[in-house]
Amino acid sequence: MKVFWRFFKYLKPYIKPLAAANFFMLLFVIFSLASIGLVMPFIDLLFNQSPDKLSTEVSFSIVNIKEWLSYQLNQFVQSYSKIELVTYLCVLIILVFLLKNLFSYLQTWFMSFVEQGIIRDIRLQLYTHFHKLSLGYFTEEKKGILISRIINDVQIIKDSMIAVINSIFRDPPLIIIFSAVLFIFNWQLTLLIFALLPVTGFILAKISDSLKRKSIRSQERIAEITSILDETFGAMRIVKAFGMEQYEVERFREEEKKYFNLLTTLVRRRALASPITETLGVITISIILYFIGSQIVQGKSDMTPGAFFVFLGIFFQMMPSIKLIGQVFNSIQEGIAASERVFSILDTTPKIVDAPNAVELKSFNKKIQFQNVSFKYEKSDLVLSNINVEINKGEVLAIVGPSGAGKSSLVDLIPRFYDVTGGQVLIDDIDIRNISMKSLRSFIGVVTQETILFNDTIRNNIAYGLQDVPMDRIIEAAKAANADNFIQPLKDGYETVIGDRGTKLSGGERQRLSIARALLKNPPILILDEATSSLDTESEVLVQQAIERLMKGRTSIVIAHRLSTIQKANKIIVISDGEIVEEGAHEELLLRNGLYHKLYYMQFKLNEK
Numbered sequence: 020m021k022v023f024w025r026f027f028k029y030l031k032p033y034i035k036p037l038a039a040a041n042f043f044m045l046l047f048v049i050f051s052l053a054s055i056g057l058v059m060p061f062i063d064l065l066f067n068q069s070p071d072k073l074s075t076e077v078s079f080s081i082v083n084i085k086e087w088l089s090y091q092l093n094q095f096v097q098s099y100s101k102i103e104l105v106t107y108l109c110v111l112i113i114l115v116f117l118l119k120n121l122f123s124y125l126q127t128w129f130m131s132f133v134e135q136g137i138i139r140d141i142r143l144q145l146y147t148h149f150h151k152l153s154l155g156y157f158t159e160e161k162k163g164i165l166i167s168r169i170i171n172d173v174q175i176i177k178d179s180m181i182a183v184i185n186s187i188f189r190d191p192p193l194i195i196i197f198s199a200v201l202f203i204f205n206w207q208l209t210l211l212i213f214a215l216l217p218v219t220g221f222i223l224a225k226i227s228d229s230l231k232r233k234s235i236r237s238q239e240r241i242a243e244i245t246s247i248l249d250e251t252f253g254a255m256r257i258v259k260a261f262g263m264e265q266y267e268v269e270r271f272r273e274e275e276k277k278y279f280n281l282l283t284t285l286v287r288r289r290a291l292a293s294p295i296t297e298t299l300g301v302i303t304i305s306i307i308l309y310f311i312g313s314q315i316v317q318g319k320s321d322m323t324p325g326a327f328f329v330f331l332g333i334f335f336q337m338m339p340s341i342k343l344i345g346q347v348f349n350s351i352q353e354g355i356a357a358s359e360r361v362f363s364i365l366d367t368t369p370k371i372v373d374a375p376n377a378v379e380l381k382s383f384n385k386k387i388q389f390q391n392v393s394f395k396y397e398k399s400d401l402v403l404s405n406i407n408v409e410i411n412k413g414e415v416l417a418i419v420g421p422s423g424a425g426k427s428s429l430v431d432l433i434p435r436f437y438d439v440t441g442g443q444v445l446i447d448d449i450d451i452r453n454i455s456m457k458s459l460r461s462f463i464g465v466v467t468q469e470t471i472l473f474n475d476t477i478r479n480n481i482a483y484g485l486q487d488v489p490m491d492r493i494i495e496a497a498k499a500a501n502a503d504n505f506i507q508p509l510k511d512g513y514e515t516v517i518g519d520r521g522t523k524l525s526g527g528e529r530q531r532l533s534i535a536r537a538l539l540k541n542p543p544i545l546i547l548d549e550a551t552s553s554l555d556t557e558s559e560v561l562v563q564q565a566i567e568r569l570m571k572g573r574t575s576i577v578i579a580h581r582l583s584t585i586q587k588a589n590k591i592i593v594i595s596d597g598e599i600v601e602e603g604a605h606e607e608l609l610l611r612n613g614l615y616h617k618l619y620y621m622q623f624k625l626n627e628k
């Protein structure tokens, strides 16, 4: 229930359209009642049940409202001939129905703004919160499951919780007003009707508990399916290369089978609510017919045919609202399950945040320092231990080591993708945890080993993260990265859309665009993870030239895979098992005949050959 009330907080920005919707809903209810009430004198006229003329005027009060209504109806009927009454009543019925449907449309018009606005706000808030979460969150969670949260779960909220909002502001007023009228007609019968409603509620509650459990499990299954789709589409080249198409189809079929079984059960149990409610409604109607019929037959009721018709008409018009409340009661269980999953993400606190008194980094003038740095990922052992290294402004630091030694973890600490477990990282003697992340990252350019590009134009990919960049600067950066020579011959040039992750480009072209993006940003600090992928000779030369231009005049921290980069580095550190085991220049480290010497002949010398 806590989740349910939390959801209602999203109504706050939409109070005015919600009030308008409720106003027109009230008018709709009143005119729905009037549309039924106007039939009563019409039927009484047809069956020659004209009321006796009353000589005593009846004044209005809550106590004698039934007598007052009878008096007003009597006065109206006695004022006209029967043919005039039939004519006026037909015109009034048409007019009332027109107004009733107009108010129904206006209520829907305003309510749709509320509904779609709430869903837009939830989805936008969720997507915004994703960007606030630390990088570690996305390494621990499956991407497909996160996509399922923002697409599938929010859709379920729309289909269920929004139905609740509609029902709450539409059905209760209708039921209350119609019930009051029924009470005026025959209070004993009305009490009997509502005495039967708790039975319906009890049965529906039992069904809804089961629905909630099944709904939670079905949402988990669709999240797994989304995850499989994301993995498969992203690795289609590998799937085909290893001939695993049938395996992936079987894996998907197995998940889909589980989802099918759960959803089938869910739909069947959900379908129980409507027929059960309707059956109980028919039983209630039969009791009404028996009660009224026996009173009329025994002469204990003065109810006219018109009044009897109106009583049944009001009850029948009220039944769909009672039935919808039963359906909503079950639907809300699915919505609560989806809302719990969405709110669990919104309640996740980012682990990397600005310090309360974080300073803005205005310039970079001296050095970057790692002082006694240790680091571990959540639920893992230490990845880095007792790291001490200093990089002066303008220097190139090359990081070398076997796979899994902690090289990427080390460089990820500089832009605060993760925070140190112990020690500190300083820029110009300021602990980077005391620098605002926005200003810190504005001084850092990152070129990753796996080139990250977006399904957008070449121009927008190069200018990513910058606003209103002149075209000449984009072209200048592309030329410096040796990218302009393959961009210009394209049909749309810099406006060419490069596909998901840049799949329309070759590996070398993607790398050069990534370098152009870093050149355009022009950061004083560069983090470069050199790609190990094999390129043809021409692409290798072009990429290497682009990297050299990118590193020129910058403080560069490079996870090195190229001999030329290592030879030009001011300092090389060798990392093994999370610790710096060697440090020095290229020739110096070779002479030590240690791990660097071994790696050099295993990797770099072999690559050069």
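For the sequence shown, my numbering begins at 20 and goes up steadily by one. Using N, Cα and C, we set each Cβ at its ideal position, and we do this for glycine too. Computed from a prediction, not measured in an experiment: that's the story for all the values here.
1. Pick from Pro421, Ala499, Asp190, Ser575: whose alpha carbon is nearest that of methionine 621?
2. From this set, Ser427, Tyr146, Val48, which residue's C-alpha is nearest tyrosine 124's C-alpha?
3. How would you call glutamate 273, buried or exposed, if buried means at least 16 neighbouring beta carbons within 10 angstroms?
4. With a threshold of 6 angstroms on Cβ separation, who are the neighbours of valine 22 within its own chain once the five nearest residues in sequence on each side are excluded?
5. Classify isoleucine 387: buried if its beta carbon has 16 or more other beta carbons within 10 angstroms, exposed otherwise.
6. In whole angstroms, give me the CA-to-CA distance for glycine 526 and glutamate 557.
7. Looking at the structure shown, is glutamine 602 part of a helix, part of a strand, or coil, going by DSSP?
8. Assuming glycine 512 is part of the alpha helix (DSSP H), what are its boundary residues?
9. Is the beta carbon of isoleucine 433 closer than 8 angstroms to that of isoleucine 594?
10. What would DSSP say about isoleucine 247, mapped onto helix, strand or coil?
11. Please report the distance separating the alpha-carbon of proline 489 from that of isoleucine 544.
12. In terms of alpha-carbon separation, which member of Gly56, Gln352, Lys540 lies closest to isoleucine 463?
13. Less than 6 angstroms between C-beta atoms, sequence neighbours within five positions excluded: which residues of the same chain meet that for isoleucine 112?
14. Given this structure, state the Cα-to-Cα distance separating glutamate 269 from asparagine 280, to the nearest angstrom.
15. Rounded to the nearest angstrom, how far is the Cβ of leucine 201 from that of arginine 168, given a contact under 8 angstroms?
16. Report the rounded CA-to-CA distance for valine 577 versus threonine 127, giving the unit in angstroms.
17. Would you grab the beta carbon distance between valine 392 and glycine 442 for me? Rounded to a whole angstrom, and I think it's under 8 angstroms.
18. May I ask which residues mark the beginning and end of the alpha helix (DSSP H) holding serine 100?
19. Residues in the same chain with beta-carbon distance under 8 angstroms from arginine 25, minus the five sequence neighbours each way, listed in chain order, please.
20. Closer than 6 angstroms by C-beta to threonine 515: which residues in its own chain qualify, once you throw out the five before and the five after it? Chain order, please.
21. So which of Met456, Asp475, Asp519, Val562 has the shortest CA-CA distance to alanine 497?
22. Please say whether threonine 251 and isoleucine 166 have beta carbons closer to each other than 8 angstroms?
23. Excluding sequence positions up to five away, which residues of its chain have a Cβ less than 6 angstroms from the Cβ of threonine 470?
24. Compare the C-alpha of serine 602 against each of Ala500, Glu409, Arg435, Arg536 and name the closest.
25. DSSP three-state label for leucine 524, please.
26. Where DSSP assigns a beta bridge to asparagine 411, which residues make up the other side?
27. CA-CA distance, glycine 425 and glycine 597?
28. Going by alpha carbons, who is nearest to proline 192 out of Leu46, Tyr29, Ala535?
29. Helix or strand or just coil, what does DSSP make of leucine 73?
30. Indicate the three-state DSSP secondary structure (helix, strand or coil) for phenylalanine 394 in the structure shown.
31. Could you tell me the boundaries of the beta strand (DSSP E) in which serine 575 lies?
32. Let me check one thing: in DSSP terms, what residues is isoleucine 55 bridge-paired to?
33. From this set, Lys571, Gln486, Asn41, Glu567, which residue's C-alpha is nearest serine 583's C-alpha?
On the basis of the supplied data:
1. Pro421
2. Val48
3. exposed
4. Ile355, Ser358, Glu359.
5. buried
6. Note on geometry: alpha-carbon atoms of glycine 526 and glutamate 557 lie some 12 angstroms from one another.
7. Strictly speaking, residue 602 in this sequence is glutamate, with glutamine absent from that position. Three-state DSSP puts glutamate 602 in a strand.
8. Annotation: glycine 512 is outside any alpha helix (DSSP H) and is labelled neither H nor E by DSSP.
9. no
10. The three-state reading of DSSP puts isoleucine 247 in helix, counting H, G and I together.
11. 23 angstroms
12. Lys540
13. Leu57
14. CA-to-CA, the gap between glutamate 269 and asparagine 280 works out to about 16 angstroms.
15. Not quite, the Cβ-Cβ distance comes to about 45 angstroms (not below 8 angstroms), so this is no contact.
16. In this structure, the straight-line span from the alpha carbon of valine 577 to that of threonine 127 is close to 60 angstroms.
17. 4 angstroms
18. That residue, serine 100, is in no alpha helix (DSSP H); it is neither H nor E in DSSP.
19. Ser358, Phe362
20. Ile477, Leu509
21. The option with the nearest alpha carbon to alanine 497 is Val562.
22. In this structure, isoleucine 166 keeps its C-beta atom at 8 angstroms or more from the C-beta atom of threonine 251.
23. Residues of the same chain with a CB within less than 6 angstroms of the CB of threonine 470, apart from the 5 flanking positions on each side, are Arg529, Gln530, Ser533 in chain order.
24. According to the sequence provided, residue 602 is glutamate. The question's serine does not apply to it. The shortest C-alpha separation from glutamate 602 is found at Glu409.
25. coil
26. Lys386
27. 5 angstroms
28. Leu46
29. Bear in mind that a pLDDT of 46 at leucine 73, under 50, signals an unreliable position, so the number given afterwards is only what the model happens to contain. Residue state, collapsed to three classes: coil.
30. strand
31. 574-578
32. Isoleucine 55 is not bridged to any residue.
33. Glu567
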